[in-house]
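Participant: Everything in the sequence shown is counted per the UniProt record's numbering, starting at 1 for the first residue and increasing by one. From the three backbone atoms N, C-alpha and C, an ideal C-beta is built for every residue, glycine too. Since we're looking at a predicted model, the values are computed, not measured. Please read through the structure below; I'll follow up with questions.
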Amino acid sequence: MHYLIRIEPFTTLHIQLQSGRFDCADRQFHSVPATWQARLENPVDVKELIPEFFYFTDFLDNQNGFDLGSLQISNEKVGDVVLPKWAKSPEDFIHKHRQALESEYVSAHLHEWIDLIFGYKQRGPAAVEALNVFYYCTYEGAVDLDAIADETQRKALEGFINNFGQTPCQLLKEPHPARFSAENAARRVSRLDTYSPNIFENLDQLKSFFVEGISDRIPLVQVVVPKSQSHSFITQGSPDMMVTVSANGLLGTHSWLPYDKNISNYFSFTKDSTVSNPKTQRYLYGPFAPGAELSSKTLVVSHDGKLLFSGGHWDNSLQVTSLSKGKVVGHIHRHIDVVTCLALDLCGIYLISGSRDTTCLVWQVLQQGGLSYGLASKPVQVLYGHEDEVTCVGISTELDMAVSGSKDGSILVHTIRQGQFMKSLKPTCESSLPITISNLAVGHEGQIVVQTIVGGRTPLKDKFALHLYSVNGKHLSSVPLDEQVTSMCVTEDFVVLGTLQCSLQIRDLQRLKPAIPSLIMKVPIHSVSVTKEKSHILVGLEDGKLIVVGAGQPSEVRTGQFHRRLWRSTRRISQVSSGETEYHPTESK
1 MHYLIRIEPF TTLHIQLQSG RFDCADRQFH SVPATWQARL ENPVDVKELI
51 PEFFYFTDFL DNQNGFDLGS LQISNEKVGD VVLPKWAKSP EDFIHKHRQA
101 LESEYVSAHL HEWIDLIFGY KQRGPAAVEA LNVFYYCTYE GAVDLDAIAD
151 ETQRKALEGF INNFGQTPCQ LLKEPHPARF SAENAARRVS RLDTYSPNIF
201 ENLDQLKSFF VEGISDRIPL VQVVVPKSQS HSFITQGSPD MMVTVSANGL
251 LGTHSWLPYD KNISNYFSFT KDSTVSNPKT QRYLYGPFAP GAELSSKTLV
301 VSHDGKLLFS GGHWDNSLQV TSLSKGKVVG HIHRHIDVVT CLALDLCGIY
351 LISGSRDTTC LVWQVLQQGG LSYGLASKPV QVLYGHEDEV TCVGISTELD
401 MAVSGSKDGS ILVHTIRQGQ FMKSLKPTCE SSLPITISNL AVGHEGQIVV
451 QTIVGGRTPL KDKFALHLYS VNGKHLSSVP LDEQVTSMCV TEDFVVLGTL
501 QCSLQIRDLQ RLKPAIPSLI MKVPIHSVSV TKEKSHILVG LEDGKLIVVG
551 AGQPSEVRTG QFHRRLWRST RRISQVSSGE TEYHPTESK
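Printed below as a string of structure tokens:
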């Protein structure tokens, strides 16, 4: 039995179901064999690829060991789908399929597919010329079944429609315009004054700048630009807020603009004046529990920049602080021991907390008028399963998964809505010594990135490791680390690490391999975050400096002071000049 599956102009697949073999002929990777040409020209065969071909690897593996028969000639047992030679694994196959689907080739020909399916080539002479004509019953409005009195004839027509399928509604009568190429789109966007180069698309052009005076000689444990800050019509185009938290609890809400052509730098930063004035300084209230320190794992800023959630307090509470006033607006006591880690989902709906009491709690963030104002008094879920202190957590509302790591070396995955236990993961380790899950992050597609630490007297090269799991808990990759990770964040394609040994690492999320050589800082890193435009990486150092890593050619920006007058406001925003603040980590301390 043979099937041809097409989704023009993307990918052509030929599947022999009887033999259990699978071959791919994607135009981006290699050409279609001549033996398939007759099938490619078959006007009756219009099956399309299911979405799983572009995101779901598990359907390519016979994980349950079903008996699928044997090959007729070799009598070989049929099991997993046989992948083409260019795919190293099911994950690599799906990843390259996604790359092909989102490639420049597809973008350049996407309008042709729209013309065939929804456009002017669906019917009429243009459809005949494009060999895009199907059985007449498949077209919308071609047959009025309700007007057919003969039941036998009506059932026969219904059978024809069910067999051949139905053509979508014709939406366009004129040719659809071609999509801009990435180069043309980037050129148009670059003419805008607020264009922010994507740092991950310009990894060969990275520059580091530093900002002093936020918390001198006190570690900067949290630096973040909230991604969903609200701007009214009047304040549109005004700076965003950057939130900083120092190890002594000092709060800062600074002004931040990621890019402007008039800036002599890659960003504009205005320090919060309250952090330098003892009379106006705002602090996160303590005291904190013995052994608990403020860190990027115990601090979370709401996506609208209104609230700061914090753990580690002496009374085992989860504390909610208003950033604008610097006042506590909520004390929630549900854990019976110290809160050790927090994480907020991408939507800003749910917060998860982990504790020394071995449990995790999922909380709903209360909002009114689109703005956060607190947490619900009772948790949505209480998650059990660890046998030791929970050290790190991650959460994804879209994928309904809450992930937690513990000192006992286990990683647990639960659902959010029902609190159901899904799976337990145990990173592999050649040593017989116990391991601890020290850092954890959940990717946009449910990837789980974990750092482990081997206990006892272990050589540095064997002590730390980084592991990658799929959304369904399949182990994908592990790499050794010779540095201890202190902070971690994940984007669509990369994982960013800050280490105790003073390096900033950007690694490929698919294989955990370094995308570029490490950026060396002078002192240990305490926090890393990526701005919402992906234009900068913000790094908090042990000496209190803020390092801003940006991308772009020096010729793209002009020197000179930057002043922007807000509409109906006389306030001006000063900036940090690039010539004075470029960070040179190779200089002596």
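Just to confirm my understanding: we take V300, look at its own chain, exclude 5 residues before and 5 after, and list those with CB closer than 7 Å. What are they?
Facilitator: So the qualifying residues of the chain are F309, L342, A343, L344, L351.
Participant: For K461, count neighbouring Cβ atoms within 10 angstroms of its own Cβ and tell me buried if that reaches 16, exposed if not.
Facilitator: Looking at its Cβ environment, which holds fewer than 16 other Cβ atoms inside 10 Å, K461 is exposed.
Participant: Rank G409, S424, I349, M422 by C-alpha distance to the C-alpha of L433 and give the top, closest one.
Facilitator: Among G409, S424, I349, M422, the Cα nearest to that of L433 is on G409.
Participant: Rounded to a whole number of angstroms, what is the C-alpha to C-alpha distance between I453 and L323?
Facilitator: Straight-line Cα distance between these residues: approximately 34 Å.
Participant: Can you look up V319 in the DSSP assignment and give me helix, strand or coil?
Facilitator: The residue you asked about is not Val; residue 319 is Gln in the sequence shown. Looking at Q319 - three-state DSSP - the assignment turns out to be strand.
Participant: For A375 versus I437, is the C-beta distance shorter than 8 Å?
Facilitator: For the sequence presented, residue 375 should be read as Leu rather than Ala. Contact: no.
Participant: Consult DSSP for G79 and reduce its assignment to one of helix, strand or coil.
Facilitator: Three-state DSSP puts G79 in coil, outside helix and strand.
Participant: From V380 to Q451, what distance separates their C-alpha atoms?
Facilitator: Straight-line Cα distance between these residues: approximately 28 Å.
Participant: Could you tell me which residues DSSP puts in a beta bridge with M488?
Facilitator: DSSP lists L497 as partners of M488.
Participant: Using DSSP's beta-bridge definition, name the partner residues of R507.
Facilitator: V495, P514.
Participant: Whole-angstrom Cβ separation of A182 and E104, contact assumed at under 8 Å?
Facilitator: Indeed they touch by this definition, with Cβ atoms about 6 Å apart.
Participant: Considering only the beta carbon of each residue, do E389 and R356 sit closer than 8 Å?
Facilitator: Yes. Within cutoff.
Participant: If you compare alpha carbons, which of T340, S503, P197 is closest to K297?
Facilitator: Ranking the options by Cα distance to K297, first place goes to T340.
Participant: Mapping DSSP to helix, strand and coil, what is P480?
Facilitator: It is a strand residue.
Participant: Under DSSP, the alpha helix (DSSP H) around A142 begins and ends at which residues?
Facilitator: No alpha helix (DSSP H) holds A142; DSSP gives it neither H nor E.
Participant: Rounded to a whole number of angstroms, what is the C-alpha to C-alpha distance between S246 and P177?
Facilitator: Each residue's alpha carbon lies about 52 Å from the other.
Participant: Suppose you measure from the CA of K423 to the CA of G473; what does that come to, to the nearest Å?
Facilitator: Looking at the two C-alpha atoms, the distance is approximately 7 Å.
Participant: Output the distance between the C-alpha atoms of Y384 and V362, rounded to the nearest integer angstrom.
Facilitator: Computed Cα separation, rounded: 12 Å.
Participant: Looking at the strands, I want to know which residues DSSP matches up with F180.
Facilitator: Answer is none; F180 lacks a bridge partner.
Participant: Suppose you measure from the CA of S89 to the CA of L468; what does that come to, to the nearest Å?
Facilitator: So the alpha carbons of these two residues sit roughly 15 Å apart.
Participant: Take the Cβ of P219 as the centre, count every other Cβ of all protein chains shown within 10 Å, and call the residue buried at 16 or more, exposed below.
Facilitator: Classification for P219: buried.
Participant: Only counting the same chain, and skipping five residues up and downstream in sequence, which positions put a Cβ closer than 6 Å to that of S404?
Facilitator: Excluding sequence neighbours, S404 sits near G354, C360, V390, V393, L412.
Participant: With C-beta atoms as the reference, is V485 less than 8 Å away from L497?
Facilitator: In this structure, L497 lies closer than 8 Å to V485 by Cβ.
Participant: Do you know whose CA, among G544, V539, K513, lies nearest S208's CA?
Facilitator: Measuring from the Cα of S208, the nearest candidate turns out to be V539.
Participant: Measure the CB-CB distance between V223 and L546 and report whether it falls below 8 Å.
Facilitator: Yes.
Participant: How do the segment 94-101 and the segment 52-68 stand: do at least 3 beta-carbon pairs fall below 8 Å, yes or no?
Facilitator: Counting Cβ pairs under 8 Å, three or more are found: they touch.
Participant: How is Q18 classed by DSSP in three states: helix, strand or coil?
Facilitator: Because the pLDDT at Q18 is just 30, under 50, the model does not fix this residue reliably, and the value given afterwards should be weighed accordingly. Coil.
Participant: By DSSP, does N439 sit in helix, in strand, or in coil?
Facilitator: Strand.
Participant: Could you tell me which of I537, H313, N316, R179 sits nearest to V106, measuring between CA atoms?
Facilitator: When each option's Cα is compared against that of V106, the closest is R179.
Participant: Pull up the CB-CB distance for H536 and I199, whole angstroms please, since I reckon it's below 8 Å.
Facilitator: So it is a contact: roughly 6 Å between Cβ atoms.
Participant: Given that a residue counts as buried once 16 or more other Cβ atoms are within 10 Å of its Cβ, and exposed if not, what is R507?
Facilitator: Per the 10 Å Cβ criterion, buried.
Participant: Roughly how many whole angstroms lie between the Cα atoms of G252 and V243?
Facilitator: So the two alpha carbons sit approximately 6 Å from each other.
Participant: Terminal residues of the continuous alpha helix (DSSP H) containing S107?
Facilitator: S107 -> alpha helix (DSSP H) spans 104-117.
Participant: Tell me the rounded alpha-carbon separation between A38 and K173.
Facilitator: Low confidence applies to A38: its pLDDT is 41, below 50, so where it sits in the model is not reliable enough to give any reading.
Participant: For G124, count neighbouring Cβ atoms within 10 angstroms of its own Cβ and tell me buried if that reaches 16, exposed if not.
Facilitator: Result: exposed.
Participant: Could you work out which residue in K378, I349, D543, V382 is closest to L371 when comparing CA atoms only?
Facilitator: Measuring from the Cα of L371, the nearest candidate turns out to be I349.
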